[in-house]
Amino acid sequence: LSRLMCNLGGHDLPTILEAFEAVDHDRPVCFLAYTVKGFGLPLAGHKDNHAGLMTKEQMEGFKAANRIRPGHEWDLFEGLDLPEAELRDFLGKVPFFARGRRRTTAPALPVPERLEAGVQPVMSTQMGFGKVLDELAKRGGPLADRIVTTAPDVTVSTNLGPWVNRRGLFARASMADTFKDERIPSMQKWEFSPQGQHIELGIAEMNLFINLSALGLSHEIFGERLIPIGTLYDPFISRGLDALNYACYQDARFMVVATPSGVTLAPEGGAHQSIATPLIGMSQDGLCAFEPAFVDELAVMMRWSFDYLQRHGESDVQAKGSGEKTWLRDETGGSVYLRLSTRQLEQPKRAMTAELEQAIIDGAYWLREPGSNASVVVAYAGAVASEAIEAVGLLGEDRRDVGLLAITSADRLNAGWQAAERARQRGQHDALSHVERLLGGLSRDCGIVSVIDGHPATLAWLGSVHGHRQKALGVEHFGQTGTVADLYRHFGIDANAIVHAAQAAAPGKPVRYLKALP
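So for the sequence shown, this note's numbering puts the first residue at 939; every next one is plus one.
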């Protein structure tokens, strides 16, 4: 044991300890430890060995030196002298293994059948998020009691204020609200206690995702389930991507709410504008991404997400079962990313049916279903809903049966399409995804115009589903400051631009503009 631990991977621990102990003052000291990479291998210390692989001959020599027989490379006790039974008995009694499985489980928390968002005639999805959490905090119950929110210095500006007012901030010891004690007016109650359910962070998005990762593994590490929710400004997801990636890799379960997003927060300029985040939501494994336009959609997403965060089943989309409808691996569960906006939109007055709820979760639904003579459909995601609706009205003056597709999750819509295609390649020829059903009734001559306050590639694949001509609108640059109308016009995602794109996607029809294009 001494030989092993005192020369572990090329590190000479006695030498390191001697260096530490030789410091006889309290001034800062920097220690440089040079490690020989590839210790114990033929390529040890070579400057080219960072990505170097041993040759077949070197590997055979390495196996022989360790007494590894051909075909037994993965045998647990291969090359050791002691009998296997004796080794297994010893390992079974050491403290590390004696308690059995170290990965614990926790029962799922009940989720309400419906979440209340206090939908008003005009409001933003960020406001809706705050309303949902406030209603949960007020109602109480097992789910609300296990929610832990956290934010890197943007608690109030991401609408967590009402939740914190009701549930308090966490600290190991109680701390008074200084503003309250000094009688400084504030809408926020800033009282810390061990019972608080919000963790306030400094401006450090990497810490946010590390925190969400740790909280999101509590059921496996401690046998107690938490529902972590983190909020941050959407562009700053990129600051913590490494921690986010590894949180998903570890299968941590959390909800990240990124708001505000896009160039829609126009007056704040480029520093707070996000472009690539929808693509991050689509490409990050283990993270299910949504971008609602309306608050009733958000309430459905959050209700589904609270359940999805707690799922831990196995999924095989080739097998008969729930995966066949959408070809999504929903049985496995995962984390959730909500891309929200501060833009206040007129909210639709409609009944939230079970069919509409399912379509929202599956990724898209027809806000206006195209007729049999549709020559063009508009597909939108998020805050540009009002521009898409306005453009469809303008197109209706010259075209018949124009459709309007509301995309609530480009991530899930694309994932289902890709999975169904893989199933067909494996012989299940009747596999059909949600997006294929939605677009299946369009004629091959029908054009598609997609629009999002994000990179146009987010939706640019829609035309490939059934081979339709498509024009993808979005934002590829940032840095401009102005009104929302200014920036939408500048980047070509306003109603005029959508109408103009319809001519490219479905040529041969006259185009009417609100005003001359710049």
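The beta carbon of each residue, even a glycine, is placed where N, CA and C say it ideally should be.
Taking 4 residues as the shortest admissible run, the region 1262-1343 contains the following complete alpha helix (DSSP H) segments, listed from N- to C-terminal end: 1292-1300 and 1323-1333. Around the beta carbon of N1352, 16 or more other beta carbons sit within 10 angstroms, so the residue counts as buried.
Taking 8 Å as the cut-off, the beta carbon of P1394 is found no closer than this to the beta carbon of G1405. For R1104, same chain residues with a beta-carbon under 8 Å away, outside a window of 5 residues either side, are D1072, A1075 and K1076 in chain order. The C-beta of A1329 has 16 or more other C-beta atoms within 10 Å across all chains shown, which makes the residue buried. S1112 sits in coil when the DSSP states are folded into three classes, being neither helix nor strand. In the three-state reduction of the DSSP assignment, S1243 falls in the helix class, which pools H, G and I. The C-alpha of D1368 lies about 28 Å from the C-alpha of H1250. For S1388, the enclosing beta strand (DSSP E) stretches over residues G1385 to I1390.
Sorting V1387, Q1282 and D1424 by C-alpha distance to the C-alpha of P1059 places Q1282 at the top. Between A971 and the set G1379, M1144, G1106 and H949, the nearest pair of CA atoms involves H949. Distance from the CA of E1158 to the CA of F1147, rounded to the nearest whole angstrom, comes to 18 Å.
Within 10 angstroms of the beta-carbon of K1031 lie fewer than 16 other beta-carbons, which makes it exposed. The Cβ atoms of G1154 and A1190 sit closer than 8 Å to each other.
When beta bridges are read from the DSSP output, F1130 appears opposite L1107 and M1113.
With distances taken between CA atoms, G1161 lies nearest to T1042 out of I1218, D1245, S1402 and T1042. The Cβ neighbour count for F1117, taken over all protein chains shown within 10 Å, is under 16; the residue is labelled exposed. If you draw a 10 Å sphere on the C-beta of M1125, you find fewer than 16 other C-beta atoms in it, and that means exposed.
Burial is judged here by how many other beta carbons sit within 10 angstroms of a residue's own beta carbon; F977 has fewer than 16 and is exposed. The count of Cβ pairs closer than 8 Å, one atom from the region 1298-1308 and one from the region 1331-1351, reaches three, so the stretches are in contact. In this structure, Q1064 sits away from F1108, with a CB-CB distance that is not shorter than 8 Å.
For A1036, the enclosing alpha helix (DSSP H) starts and ends at P1033 to A1036. Using a Cβ-Cβ distance cut-off of 8 Å, the region 1352-1361 and the region 1375-1391 are not in contact, since fewer than three pairs of beta carbons, one from each stretch, lie closer than that value. Check the Cα spacing between S1347 and each of G1320, Q1188 and E1335: the tightest is with G1320.
If you draw a 10 Å sphere on the C-beta of W1012, you find fewer than 16 other C-beta atoms in it, and that means exposed. The continuous stretches of alpha helix (DSSP H) do not include M1193, which lies in the beta strand (DSSP E) extending over residues M1193 to A1196. Under the three-state reduction of DSSP output, H949 falls in the strand class. For Q1408, the pairing in a beta bridge is given by DSSP as I1386.
In the DSSP assignment, H1136 forms a beta bridge with T1087 and L1107. In the pairwise beta carbon analysis, the region 1409-1424 is classified as not touching the region 1233-1240: fewer than three pairs are separated by under 8 Å. Under DSSP, the beta-bridge partners assigned to G1168 are T1088 and V1194. The alpha-carbon of V1102 is positioned some 38 Å away from that of R1427. For the pair S1273 and G1208, the CB atoms are not nearer than the 8 Å cut-off.
The bridge partners DSSP lists for F1228 are L1276. M1061 is bridged by DSSP to L1283. In the DSSP assignment, S1151 falls within the unbroken alpha helix (DSSP H) covering E1143 to L1153.
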